[in-house]
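Student: For our numbering, add 246 to where a residue sits in the sequence shown, where the first one is 1.
Even glycine gets a Cβ: it sits at the ideal position worked out from N, Cα and C.
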Amino acid sequence: MTEIKVSLSRPEALDSRGAALLAQFCSRFQSNITIIKDEYAVDGKSVLGIITVPWHEGEEYLFKIEGKDEETAAQEIKSFFMENF
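1. If you count every other CB in all the chains shown that lies within 10 Å of the CB of K291, and 16 or more means buried, which is it?
2. Use the C-beta contact count for S325: other C-beta atoms within 10 angstroms, 16 or more gives buried, fewer gives exposed.
3. Given that a residue counts as buried once 16 or more other Cβ atoms are within 10 Å of its Cβ, and exposed if not, what is S253?
4. My output table needs one value for V288: the three-state DSSP class, helix, strand or coil.
5. Going along the chain, which residues of its own chain have a beta-carbon closer than 8 angstroms to the beta-carbon of L308, five neighbours each way excluded?
Here it is, written out as structure tokens:
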């Protein structure tokens, strides 16, 4: 299992369109991806799950990635998140 932490700099970017973009990006990987914030633990490939997370500027979010391509997924997701959100 690989874990990464990301900070949110643009919370408005994670509206329904942003959530769909993130879920679509995460779906490219075979690994299971879980996004964790406080009591929320959601599937990173689920738009509905991503929308339910309270996204706030400057806060850290944990991505747990487990599977065959977890290292690659972790690197690419971190870069993607930092560029878009």
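Tutor: Working from what's here:
1. That one is buried.
2. Counting Cβ neighbours within 10 Å, S325 comes out exposed, since fewer than 16 surround it.
3. So S253 counts as exposed.
4. In the displayed model, V288 falls within a strand according to three-state DSSP.
5. The beta carbon of L308 sits closer than 8 angstroms to the beta carbons of E249, I250, K251, I281, I282, K283 from its chain, once the five residues preceding and following it are set aside; these are given in chain order.
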